[in-house]
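Okay, so here's the structure we're looking at.
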Amino acid sequence: MDLEYGPEYDAFRHELRAFIDAHRHLAPPSADRAARPSPASVAWQKLLIAHGYAARTIPKEYGGYGAEPDILKSRIIAEEFSRAGVPGGLANQGISMFVPTLLELGTEEQKRRWIAPTLKGEVVWCQGYSEPGAGSDLANLKTSARVEQGEFVINGQKIWTSTAKQADMIFCLVRTEADAPKHSGISYLIFSMDTPGIEVRPLKTMTGHAEFNETFFTDVRVPVDQIVGQRGQGWFVANATLGHERGMLGDPDALENRLQALITLMREERIGQDRAIDNPLLRDRLVALQAEVAAMKYNGMRILSNSLRGEPGGMAKLIVKLQSCELAHQISALAIDALGELGILYHHSPRERDRGAWQWNYMFQLGLIIGGGTAQIQKNIIAERGLDMPREPKVAKIPDAGQKSTGMARQKQGAD
Amino acid sequence: MDFGLSQDQRMLRDAVSRCLADHCPLDHVRECADRDSTFSDKVLHALHALGIAGMLVPEAYGGLGMTLLDAAVVAEQLAYAVAPVPFLASHVLAPIALSEAGSAAQKARWLPKITSGAARIGVAIAETIEARDGAGVASTAGKLNGTALFCLDFEGADAYIVADAGGRLHLVDAKAPGLETIALTTIDRTRSVGELRFEGTGAEPLIDDGGVTTARLRDAGRVILAADSLGAGQAMIEKSVEYAGQREQFGRLIGSFQAVKHMCAEMAARHEPCRSLVWYAAHAFDAMPQEAALVACHAKSHTGEVHRFVARTSTEVHGGMGFTDLLGLHYWFKRIGFDRQVLGGPETVRAEAAALQGWTKAA
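So the protein sequences, as listed, match chains C and X. Counting along the first sequence from 1, when you hit position 277 you're at 276 in numbering that gives the first Met the number 0, and nothing is skipped either side. Counting along the second sequence from 1, when you hit position 45 you're at 44 in numbering that gives the first Met the number 0, and nothing is skipped either side.
Put into structure tokens, the structure is as follows:
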């Protein structure tokens, strides 16, 4: 057990702290994480790339800093920006998911055209994966692309396209080979969101905001060369990026920051004359969550060390999305409980705390438990890949309509 | 930066694991559980041959001078094999108490014997955490009066280290006049606890450091109990997965049902981060004293909660068989139950963790 990073890394951390101190006045406010980066965010991103604190390992010729990959330095960068409460580099879907995919599977021309403007925040992407009928079973997607005169003609619908309103471009999974087996009929296309035939409708969620959209395609025409990988390989191209998404959803620094905010809240809020933290039941729950956050933090350090040794992440890594999302949700739940009746204030009410953030988080984090691979899919993955348990046998077919309606009639009677 | 076990610690883990696989099969655990004396001399001798007895004894006294993380590695394996041997008090807490607060004479007298396996010392500090049934020990002019409950590694101890009401530690010979010892029987037949009754019993004080060493014993004890819980939980998860991969119902392996699969996944998901928490807490005990008490509390309370869940869920995965004595799954279930309660249950320990951070309302 050696928790020291060593002199080279201590020096790196020291430099980074000095950089943050010297430049923090230029940083956009932390809350400024709009899909379309503000001019201040774009300027901040440019500065971070120039110093190697964003796009660090992306080759120079594609607009990155061009450093050798170094897991510890990446970790130190994440830690220090989080600790300082200053936004780090942009982390949108284009940067986190599309750029790694292009680096791995894109053509030279695609890399040169798209990576630099994406990193700078000039080109914003959205992801077109899920469909109303293809959620957990993503490979069941039906949005089709037939070829006509050197163009794909796309028809169908995507859902959960979170930045579709602001995005310039979309990376999108479509079915190009209608007769191929489910997983081998899909292609990964990239096209402009200004293409005629695209309609974006905001998808209002339980939070009262439209954090997502539905995106409809009617005869959307896209040149056949706007594809990453070969036709029919889209499933494998997309899988190269799904791992990156799960990585995004299990950030230990984010959990620690939420916990700190909760501790502050419970020390400041009064119940009568006492602080909320003086209530032994609330305090007990707080300490229990603190222990869990600590466990996830050290679990993250273990994963980091495994990577340094070139060992696979194993079970420690497989459980991160499931546990972190659940824990974040419980932190918000305790905050609401500690606030008592004040906890339900929302929609800019008088006396609302933290602009309703705890309720928004509580609801949105439930969305995160469901999104990016539901908790149940995560458990299947943990059991089948982590514990090597037997897979679910394939069910022959969905019961026919006659049987189904009888079953429903019985249920209704039972409910009377 | 290397978060995890060193090469030496992995070798230690593997050596103890092999030793217990050879000398401590479940049939032997049953044999020991069904007779009057708890501990297995056979298993203990095999472990002593590996140097376990003196692992925390300083090298100057013939020991290996190892760390609490090394001891946690061993504790995990002992629980994995539900080994009926003394360890927590005799091999961890007593060597720490004597090396940190023993007089030169006490060290010279006891530490070499602990190393050789010739002497075992039980440790009774339960009342410094919470007193039950009015227990508590008063010390006046070298004499002890009162009762200490839940003395750990009680059976066959040659002496006891006992905390008094002021948190000062005393060494009491097992044969001292005025000492009455009464064995307590717990759910866990693989470990031994007892009650010590003092009536003007002569005792040698350890160095009075204002309770510092007693607090260190609480921290170390909690980490080792957490490590024990980890090993027992690991065994229960592995057994669940194995059983679900063999048992068929409705023409299918039950492990292919999501209802069963998800129980196993939930156990694994909650259990896995505990490993890192226990390692960190053990490391902190030796390397980061300012953090050690808090993280020991976290490790103890969190493993207590997680492994209660694992113990009941694993039993459920095994269905009716899990409930029987035939499989013997209950040995791990009870080991976990013991680990949770001893040296402070989760609520007690969390209240301490809150106080350590100044979160408790000033009286």
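Where is the CB? At the ideal position from N, CA and C, for every residue including glycine.
- Scanning chain X for C-beta atoms nearer than 8 Å to the C-beta of L71/C yields M0, reported in chain order.
- Residues of the region 363-379 of chain C with a Cβ closer than 8 Å to any Cβ of chain X, in chain order: Q375, Q377, K378 and N379.
- Using a Cβ-Cβ cut-off of 7 Å, C273/X is close to A294 of chain C, given in chain order.
- Taking a cut-off of 8 Å on C-beta distances, the region 372-385 of chain C touches the region 254-272 of chain X, as three or more cross pairs fall below it.
- Taking 8 Å as the CB threshold, V240/X lines the interface with chain C.
- Look at D172/X here: in three-state DSSP terms it is strand.
- Within the same chain, Cβ atoms closer than 8 Å to the Cβ of L307/C are found at I70 and L71, the five residues on either side in sequence being excluded.
- Looking from the CA of T189/X, the closest CA among S239/X, L77/X and L46/X belongs to L77/X.
- Taking 8 Å as the threshold, the shortest C-beta distance from G344/X to chain C does not fall below it.
- For E291/C, the nearest CB of chain X lies under 8 Å from its own CB, placing it at the interface with that chain.
- Listed in chain order, the non-local C-beta contacts of D252/C below 7 Å within the same chain comprise A77, E78 and S81, local neighbours out to five positions each way being set aside.
- For the 8 Å CB-CB criterion, P389/C and L252/X form a contact.
- Bridge pairing for E179/X: R196/X [DSSP].
- Taking a Cβ-Cβ cut-off of 7 Å, Y159/X has no neighbours in chain C, whose nearest Cβ is about 32 Å from it.
- Contact note: S255/X reaches chain C through M388, P389, R390, E391 and P392, using a C-beta cutoff of 9 Å and chain order.
- C273/X sits in a helix when the DSSP states are folded into three classes.
- In the structure shown, R145/C falls within a strand segment according to DSSP collapsed to helix, strand and coil.
- Annotated three-state conformation of D157/X is coil, per DSSP.
- Of the candidates S98/X, T139/X and L4/X, S98/X places its Cα closest to the Cα of V56/X.
- For a Cβ distance threshold of 8 Å, nothing in chain C lies close to A234/X: the least Cβ distance comes to about 14 Å.
- For the region 257-268 of chain C, the set of residues with a beta-carbon nearer than 7 Å to any beta-carbon of chain X is empty.
- Looking only at A118/X, A71/X, V316/X and E198/X, the smallest Cα-Cα distance to E154/X is reached by A118/X.
- Taking 8 Å as the cut-off, the Cβ atoms of E3/C and M0/X count as close.
- Closest in C-alpha terms to G165/X, from the list I206/X, G232/X and C150/X, comes I206/X.
- A315/C and N305/C do touch by the CB rule: their CB atoms are close to 7 Å apart, below 8 Å.
- If you check the CB distance, A162/X and I113/X do not come in under 8 Å.
- Relative to the Cα of A100/X, the nearest Cα in the group A298/X, G50/X and P204/X belongs to P204/X.
- With respect to the 8 Å criterion, Q225/C and F190/C are classified as neighbours on the basis of their beta carbons.
- Annotation: L386/C to S183/C spans about 28 Å, alpha carbon to alpha carbon.
- Assigned with DSSP and collapsed to three states, Q165/C falls in coil, not helix or strand.
- For L63/X, the closest of H90/X, V348/X, Y79/X and S39/X by C-alpha to C-alpha distance is H90/X.
- Annotation for A138/C: K181, H182, I185 and W234 place their beta carbon closer than 8 Å to its own, counting only its chain and skipping 5 residues before and after.
- Taking 8 Å as the CB threshold, E3/C lines the interface with chain X.
- Taking C-beta atoms under 8 Å as the contact rule, G155/C and K141/C qualify, at a distance of about 6 Å.
- A distance below 6 Å between beta-carbons, with the five flanking residues on each side excluded, links G232/X to the following residues of its chain, in chain order: H270, H306 and V309.
- In the structure shown, R269/C adopts extended strand secondary structure according to DSSP, grouped into three states.
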